[in-house]
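Residue numbers (this note's numbering), protein chains in the order written: chain R, 1 to 394; chain F, 1 to 394.
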């Protein structure tokens, strides 16, 4: 691993939690951790320009090599000078390898030890990706952090299938490591093993024995109950090396991030804040509010009086309500700016609390005030999203 | 008319045209003319923030009292401090009275001398608007320039119907004038008379005898051939007082604006540049291009190398092609920024040419290079737009 992609651990909480503050040094700037990465699958964080992202305070975003491989094509992005130049973003980028997307989006996929054959969810065309090509594609895109190709079985897969997928993920991780040549990119492994603590332990131990620049925990947030998620995280994190970043893939609600940070996770990504923004659900420190509710029709103040984002600085809740109610496109952008600012502010506050030794009380205060979305509603929404219409977001 | 809404004529062409440069002084800034107003019917120019509009160089925009009356409601905007504060736009605003929208959007409308009864195109609710309430609403919204309530018959109406509508528009114009109280707003009359030069003459003469701060030409661009449009404009403009602004409603293609400027028109509005932008049609000095065309897949340069807008400064044509091709929302905003910048630059160049005494050659050069959209395609698209789906834009 080259020096320009180094993780520095700044401090670990001395209280009841394992929360830690650190910094990722990349060729595209320093990224303080814990960090939340907005999702820009198709080389754009939906509705926002790079300037918007900078103004919000985003240091790193996630893009998706599966989406970019299918459209516009890896050679096309490479010809434009790579992903940073293509999307005019000079901050840091992490690309996912496509494993999760192939298994969740493709109508037909067939996996062997060699690689995975799948059909495009866009036009049905046939494709075959191996660990080697997954790395080759990500090297061509040129993100600062890239991910191994993994096999991610569905949340309800049998123990046998989960174990086979884990073993294949281990095999592929070694081949990805072998194939990886660019020294200015950090390669992260992905711990699999479903909801089995035994498999998770084996996966963490195996992958750390190979030695990666960072470790992700994959295969969670797939509809399982929250206590199962935290059980897996608590089992896995202590087995990962303390001097490497830990990345919990696909987790992005404010309350979940706080819970995961307290268990020692450093990096997060999720389409949740941007997706719910486009449905009119705006984050506040008291929980999500629905801006389409008629109580906002005449509200002169901003949606969130604690927020300093462009949307809250500039517009009344009544105006935002009007835009949503009238089906105006500006609504989507203003809501996205707000929710991503909320996330960026939250991560900054979390880090300040960790550095100041007050994370335990910060976490308690936050969770006392923040009303999470009803668990039943959350699981229903998640299930709906997992079974249809998620092409747009994952 | 108060001093803060004064039109100053700066110069009139000495060449073959009647083109003129002027300035509208409003309580929300000076507006150099000729000027093109982007359409923000629902208190938003679709996809753009006020900051975007400022960056583009927009000095005045058009909003629609019909749309705002129905949603969120005039009292709601008034409670928020008026339209400027509601939409956080401190530049100048012109509001249309709603006449055109009632007759074109409402599924059922019934007009008498008293006023017009109509059903909302949104929820079918019943409404009744009179010249007096049209003014009252526009005074509550607080735009810098407001319009009389007019009756705008369809393009294929009989001579008798057009004449009756014209006479009623005259009656209503006098009542609007009577009802108008705010001295910081300029009230413009609307010349009607369809395609009849005789009726247009009578309308222009009658309305100028009443004395308004400005004069619009309404009831054009309704599907009639271009030579008919120009015939009416050429007949009407010389009958309007030289020291008052002339506003050609609903005209907004680059070539039409140049033709109208050369006939002495000062003010334009149209949803065309923003609407076609959202369909991937981008203006260049050579004509409209379709960014979805596959020849842009690998184009490294900007869409328009002559353009200095944020989109062209920041992104390749290939990236814009990718965004449109992938159905990404950012595409709509970037294309809108480009097309409105094209319009703002065009109006600035027109004005510079008028002031420099070179408008005739500017016009010739522009029209020689600019490939207008095929007339047959244009009329078909216009007809499609007039018969469906225009709620969004007019």
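Every residue gets a Cβ at the ideal spot worked out from N, C-alpha and C, and that includes glycine.
For this session: List the endpoints of the continuous beta strand (DSSP E) containing residue 224 of chain F.
Result: The sequence position of residue 224 of chain F within the second chain is 224, counting from 1. Per DSSP, residue 224 of chain F lies in no beta strand (DSSP E) segment and is marked neither H nor E.
Exercise. Taking the alpha-carbon positions, what's the residue 398 of chain R to residue 277 of chain R distance?
Worked result: Since the first residue of chain R shown is 1 and the last is 394, residue 398 of chain R is not available in this structure.
For this session: Scan the segment 258-301 of chain R and note each continuous alpha helix (DSSP H) run of 4 residues or more that stays entirely inside, going in chain order.
Result: List check, alpha helix (DSSP H) in window: 272-278.
Exercise. Would the beta-carbon of residue 147 of chain F fall within 9 Å of that of residue 298 of chain R?
Worked result: Translated into positions along the second chain, residue 147 of chain F becomes position 147. Translated into positions along the first chain, residue 298 of chain R becomes position 298. Contact flag unset, no.
Exercise. Just checking my contact of residue 150 of chain F with residue 92 of chain F at CB under 8 Å: how many whole Å lie between their CB atoms?
Worked result: Locating residue 150 of chain F in the second chain gives position 150, counting from the first residue. Locating residue 92 of chain F in the second chain gives position 92, counting from the first residue. Contact between residue 150 of chain F and residue 92 of chain F does not hold, since the beta-carbon distance rounds to 22 Å and is not under 8 Å.
Exercise. Which residues does DSSP pair with residue 371 of chain F in a beta bridge?
Worked result: Numbered from its first residue, the second chain carries residue 371 of chain F at position 371. Here residue 371 of chain F is bridged, per DSSP, to F:287.
Problem set entry | CA-to-CA distance, residue 69 of chain F to residue 318 of chain F, given in whole angstroms | The residue labelled residue 318 of chain F in the question sits at position 318 within the second chain. The residue labelled residue 69 of chain F in the question sits at position 69 within the second chain. Rounded to the nearest angstrom, the gap between the Cα atoms of residue 318 of chain F and residue 69 of chain F is 42 Å.
For this session: Could you tell me whether the Cβ atoms of residue 153 of chain F and residue 103 of chain F are closer together than 9 Å?
Result: By 1-based counting over the second chain, the position of residue 153 of chain F is 153. By 1-based counting over the second chain, the position of residue 103 of chain F is 103. Their beta carbons are under 9 Å apart, which means residue 153 of chain F touches residue 103 of chain F by this criterion.
For this session: Leaving aside the five residues before and after residue 351 of chain R along the sequence, list all residues of the same chain whose C-beta is less than 8 Å from its C-beta, in chain order.
Result: Stepping through the first chain from its first residue, residue 351 of chain R is reached at position 351. The beta carbon of residue 351 of chain R lies closer than 8 Å to those of 21, 32, 33 and 34 in the same chain, with the five residues before and after it left out.
For this session: For residue 119 of chain F, write down the residues that DSSP places opposite it in a beta bridge.
Result: Here residue 119 of chain F refers to the residue found at position 119 of the second chain. Answer is F:126.
For this session: Compute the beta-carbon to beta-carbon distance between residue 62 of chain R and residue 98 of chain R, rounded to the nearest angstrom, for a pair I have assumed lies under 8 Å.
Result: Taking the first residue of the first chain as 1, we reach residue 62 of chain R at position 62. Taking the first residue of the first chain as 1, we reach residue 98 of chain R at position 98. Not a contact, Cβ separation roughly 12 Å.
Problem set entry | Where the alpha helix (DSSP H) through residue 160 of chain R begins and ends | Your numbering for residue 160 of chain R matches position 160 in the first chain. That run of the alpha helix (DSSP H) goes 159-179.
Exercise. Going by other Cβ atoms of all chains shown within 10 Å of its Cβ, with 16 needed for buried, is residue 219 of chain F buried or exposed?
Worked result: Here residue 219 of chain F corresponds to residue number 219 of the second chain, with the count starting at 1. Burial call: buried.
Exercise. Exposed or buried, which one is residue 139 of chain F when buried takes at least 16 other CB atoms within 10 Å?
Worked result: By 1-based counting over the second chain, the position of residue 139 of chain F is 139. Residue 139 of chain F comes out buried.
For this session: Give the interface partners of residue 324 of chain R over in chain F, defined as CB-CB distance under 7 Å, in chain order.
Result: For this step, residue 324 of chain R is matched to residue 324 along the first chain. Correct list: empty, because the minimum Cβ distance to chain F is about 11 Å.
Exercise. Who are the neighbours of residue 86 of chain F on chain R, taking C-beta pairs under 7 Å?
Worked result: Taking the second chain and counting its residues from 1, one reaches residue 86 of chain F at position 86. Under the 7 Å cutoff, chain R gives 319.
For this session: Anything in chain F within Cβ reach of residue 268 of chain R, meaning under 7 Å, just list it in chain order.
Result: Your numbering for residue 268 of chain R matches position 268 in the first chain. What residue 268 of chain R touches in chain F: nothing, since even the nearest Cβ is about 23 Å away.
Problem set entry | Proximity to residue 288 of chain R [Cα-Cα], best of R:272, R:211 and R:105 | Working through the first chain from its first residue, we reach residue 288 of chain R at position 288. When only C-alpha atoms are compared, the closest one is R:272.
Exercise. Under 9 Å, do residue 175 of chain F and residue 132 of chain F count as touching if we go by C-beta distance?
Worked result: The residue given as residue 175 of chain F occupies position 175 in the second chain. The residue given as residue 132 of chain F occupies position 132 in the second chain. With respect to the 9 Å criterion, residue 175 of chain F and residue 132 of chain F are classified as neighbours on the basis of their beta carbons.
Exercise. Nearest-angstrom Cα distance between residue 64 of chain R and residue 37 of chain R?
Worked result: Residue mapping note: residue 64 of chain R aligns to position 64 of the first chain, counting from 1. Residue mapping note: residue 37 of chain R aligns to position 37 of the first chain, counting from 1. Roughly 12 Å separates the two Cα atoms.
For this session: Measure the Cβ-Cβ separation of residue 237 of chain R and residue 192 of chain R and say whether it is below 9 Å.
Result: Residue 237 of chain R sits at position 237 when you count from the first residue of the first chain. Residue 192 of chain R sits at position 192 when you count from the first residue of the first chain. For residue 237 of chain R and residue 192 of chain R, no; Cβs fall outside 9 Å.
Exercise. Since residue 330 of chain R and residue 49 of chain F are thought to touch, with beta carbons under 8 Å apart, how far apart are those beta carbons, to the nearest angstrom?
Worked result: The residue you call residue 330 of chain R lines up with position 330 of the first chain. The residue you call residue 49 of chain F lines up with position 49 of the second chain. 7 Å between Cβ atoms; contact.
Exercise. For residue 212 of chain F, does the three-state DSSP call read helix, strand or coil?
Worked result: The count along the second chain starts at 1 and reaches residue 212 of chain F at position 212. Secondary structure of residue 212 of chain F (DSSP, three-state): coil.
Exercise. Going by beta carbon distance, what residues of the same chain come within less than 7 Å of residue 221 of chain R, once the five residues before and after it are set aside?
Worked result: Position 221 of the first chain, counted from the start, is the residue given in the question as residue 221 of chain R. Answer for residue 221 of chain R: 229, 250 and 251, listed in chain order.
Exercise. In terms of residue numbering, what span does the beta strand (DSSP E) encompassing residue 64 of chain F cover?
Worked result: Sequence index remark: in the second chain, residue 64 of chain F carries index 64 (1-based). Element bounds for residue 64 of chain F: 60-64.
For this session: Buried or exposed for residue 394 of chain F, please, with buried defined as at least 16 other CB atoms from any protein chain shown within 10 angstroms of its CB.
Result: The residue labelled residue 394 of chain F in the question sits at position 394 within the second chain. Any reading at residue 394 of chain F must be qualified, since the residue scores a pLDDT of 44, below 50, and its modelled position is unreliable; no value is offered.
For this session: Please list the partners that residue 328 of chain R has in chain F, where partner means a Cβ-to-Cβ separation under 7 Å.
Result: By one-based count along the first chain, residue 328 of chain R stands at place 328. Simply 42, 44 and 46.
Exercise. Can you name the start and end residues of the alpha helix (DSSP H) that residue 131 of chain R belongs to?
Worked result: Within the first chain, residue 131 of chain R is the residue found at index 131, counting from 1. Residues 131-141.
Exercise. Residue range of the alpha helix (DSSP H) that residue 396 of chain R falls in?
Worked result: For residue 396 of chain R there is no data in the structure shown, the boundaries of chain R being 1 and 394.
Exercise. Taking buried to mean at least 16 other C-beta atoms within 10 Å of its own C-beta, is residue 333 of chain F buried or exposed?
Worked result: Here residue 333 of chain F is taken as the residue at index 333 of the second chain, counted from 1. It counts as buried.
For this session: Please decide whether residue 292 of chain F counts as near chain R, where near means a Cβ-Cβ distance under 9 Å.
Result: Locating residue 292 of chain F in the second chain gives position 292, counting from the first residue. It does not: the Cβ of residue 292 of chain F has no partner Cβ on chain R nearer than 9 Å.
Exercise. Where does the unbroken alpha helix (DSSP H) through residue 50 of chain F begin, and where does it stop?
Worked result: As a working note, residue 50 of chain F is residue 50 in the second chain. 50-56 is the extent of the alpha helix (DSSP H) around residue 50 of chain F.
Exercise. What residues are listed by DSSP as bridge partners for residue 31 of chain R?
Worked result: Mapped onto the first chain, residue 31 of chain R falls at position 31. Paired residues: R:24.
Exercise. Quick one: which chain R residues come within Cβ less than 7 Å of residue 332 of chain F?
Worked result: The sequence position of residue 332 of chain F within the second chain is 332, counting from 1. Taking the beta carbon of residue 332 of chain F as reference, the chain R residues within 7 Å of it are 329, listed in sequence order.
Exercise. With 9 Å set as the bound, which would you pick, yes or no: does the beta-carbon of residue 310 of chain R sit closer than that to a beta-carbon of chain F?
Worked result: As a working note, residue 310 of chain R is residue 310 in the first chain. So, interface residue.
For this session: Name, going along the chain, the residues of the segment 53-81 of chain R whose beta-carbon falls closer than 7 Å to a beta-carbon of chain F.
Result: If the cut-off is 7 Å between Cβ atoms, the segment 53-81 of chain R has 71, 72, 76, 79 and 80 near chain F.
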